[in-house]
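These notes concern the structure reproduced below.
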Amino acid sequence: MGAAVSTPTISVVLPVYNGAADVIAAIESVLNQSFADFELLAIDDCSPRDNSLELIRCFAAERGDPRLKVIALDRNHGLAGVLNAGIAMARGRYIARQDQDDFSKPERFARQVAQLEADPECGMVGTGAEIWSGGAFTGRVHDHPARNNELQHDLLINNPFMHASVMLRREVFETVGPYCTDKSRQPPEDYELWSRVARRWRVANIPERLMIYQEVAGSMSRTGDNPFLDKVVTIAAENIAWWCGLPAPDAACRDAAALGNAAYGKLSEKADVDTITARVLEASRAIADRHGGEGLAKRRDELVANLRHHFLQARRLPESASPLLALYRRLPLPIGARRLIRRWISG
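Residue numbers (full-length UniProt numbering): 1 to 347.
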């Protein structure tokens, strides 16, 4: 009888698609973790434009590390589909994300495993990140709240997690299901999944910046004819409705989600700012009742003030601005340019 195959603590899912430029460095950042009990599933999604798969296979052969498993899919699945394929293959009790062009610092896995084992009701933990561009630190960072109740509150409007930084319990996928592959709802496949996770589990971030996130202009989530912002607004409206005990978003939920994301073109004609803020306050109180109110008063006040500000800006815009807003959401602009335009729109 052969020796039993041990089950790793962590399964790392690394989707690869035309990632030759950085994927080896990303893999090395995982293999160099101080917490060593993991398997790394590097999954090539039929990369058509470079030799990503050949590079990874050569690296794996040279490195000879049995933790690295190279998988080639026979057809293109897209990001959410690749992640689901990896999760289905994974053997670990924790599932960690890693992107082909981001890098994990050596203590990342150790810190996340410790967090999850210390809090059995926590289903997911992310980390902070440094933002790099062109191989250099930009001076900007991803710093998100660490506490569960603050994260639950922020999820009302947007995504307070860096996707490639998260680690989840395997049971999370058994309770809430896999990543959504419905093109009408993703991208953002991460915000959509986190929203479902947070309804069933506690969530957390480690505030330290344990990832290096490489900013790539024209990323798939913000370009093309599959508008990212429209789907963010849809998911945010669902989150507000869920906390208010509604079976589906009403106009106030949709308007709050639109204003919270400066999506003025999606604001209803009869939008009333008092009704909108009342709905958000109802959701905020429900979060405080379930998860505790410590630290939420300031967040709630800032959110209400932000909604009122954007309501005034939306009503101030001329009718002729609507086509420009729609064009802005579709153009493959660099992230810095998009921020400047949003500031101009908001006055």
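Each residue gets a CB set at the ideal place from its N, CA and C atoms; glycine is no exception. On a predicted model such as this, the values are computed, not experimentally measured, just so you know.
For the 8 Å CB-CB criterion, A164 and A204 do not form a contact. When secondary structure is reduced to three states using DSSP, I87 falls in the helix class. Taken through DSSP and simplified to helix, strand or coil, E269 comes out as coil. For the set N159, T175, A90 and Q112, the Cα lying nearest the Cα of K231 is the one of N159.
Beta bridge pairing from DSSP links I206 with T127. Taking the Cα of A114 as reference, the smallest distance to any Cα among G260, V125 and N148 is reached at V125. Here D250 is actually not in contact with A236; their C-beta atoms are around 14 Å apart, not less than 8 Å. Of the candidates D154, R196 and H310, the residue whose Cα lies closest to the Cα of A297 is D154.
Nearest in C-alpha terms to I157, of all of L168, I276 and I131, is I276.
Looking from the CA of V70, the closest CA among H77, M89 and A80 belongs to M89.
Contact annotation, P106 with Q33: C-beta distance approximately 6 Å; criterion of less than 8 Å satisfied.
Ranked by Cα distance from A257, the options A286, R75, R308 and A198 are led by R308. Per DSSP, D44 is one residue of the beta strand (DSSP E) stretching across F38 to D44. For S133, the three-state secondary structure derived from DSSP is strand. Looking at the backbone, the Cα of F173 and that of I87 are separated by about 9 Å. One alpha carbon belongs to A80, the other to L53, and they sit about 19 Å apart. Looking only at I206, N84, N306 and V197, the smallest Cα-Cα distance to A118 is reached by I206. Sequence-distant partners of R49 (beyond 5 residues in either direction) whose C-beta falls short of 8 Å from its own C-beta, in its chain, are N18. Remark: C-beta atoms of D65 and I56 do not approach each other more closely than 8 Å.
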